[in-house]
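Quick notes on the structure that follows.
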Amino acid sequence: VVLPDRDDMRKHMDSLIHHFLIVAEGFNVPAGEVYMPIEASKGELGVYMKSNGGPKPDRVHFRGPSFVNLSALPVMSEGEMVADVVAIIGSLDIVLGEIDR
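Quick note on numbering: the sequence shown equals residues -8 to 92 in the working numbering.
Structure representation (structure tokens):
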């Protein structure tokens, strides 16, 4: 789906109506599901979308990189002292607000 050209919208009323319908009502996406990893600054950001073929998705889920980075904490802190866990968490550079959802 491509929006009409800006010059066409100024010259033709049909293009303006077409643009309005696409933006206001949306468009039907194919039914199915997709997972797409995106490289983020702190690691891999995962985006999952599921659609039934309508204009709005059934489910959208974002998996932040901090959640995956924190899951390595038990392996990294095995055999270490409790005081060292603070330094280990600091080295992971996690965002706790991203994990707590």
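In this text, a Cβ means the ideal position worked out from N, Cα and C, and glycines have one as well. Keep in mind that this is a model prediction, so the values were computed, not measured.
Restricting to Cα atoms, I'd like to know which of the options is closest to residue i.
i	options	result
E30	P46, F53, G17 and A22	F53
V(-7)	L12, G44 and S82	L12
I90	L36, E24 and K2	L36
Y26	A15, V51 and K2	V51
Along the chain, where does the beta strand (DSSP E) containing residue i start, and where does it finish?
i	result
K41	G34 to S42
V51	R50 to R54
Less than 7 Å between the C-beta atoms of residue i and residue j, yes or no?
i	j	result
S57	I85	yes
N60	G44	no
S42	A74	no
G17	P46	yes
Per DSSP, what kind of secondary structure is residue i in: helix, strand or coil?
i	result
E89	helix
A74	helix
K47	coil
V20	coil
S82	helix
S68	coil
Compute the beta-carbon to beta-carbon distance between residue i and residue j, rounded to the nearest angstrom, for a pair I have assumed lies under 8 Å.
i	j	result
S82	V76	That pair is no contact at about 11 Å.
H10	P(-5)	5 Å
Starting from residue i, follow the alpha helix (DSSP H) in both directions and report where the run begins and ends.
i	result
E24	Premise fails: E24 lies in the beta strand (DSSP E), G23 to A31, not in any alpha helix (DSSP H).
V(-7)	Per DSSP, V(-7) belongs to no alpha helix (DSSP H) and is neither H nor E.
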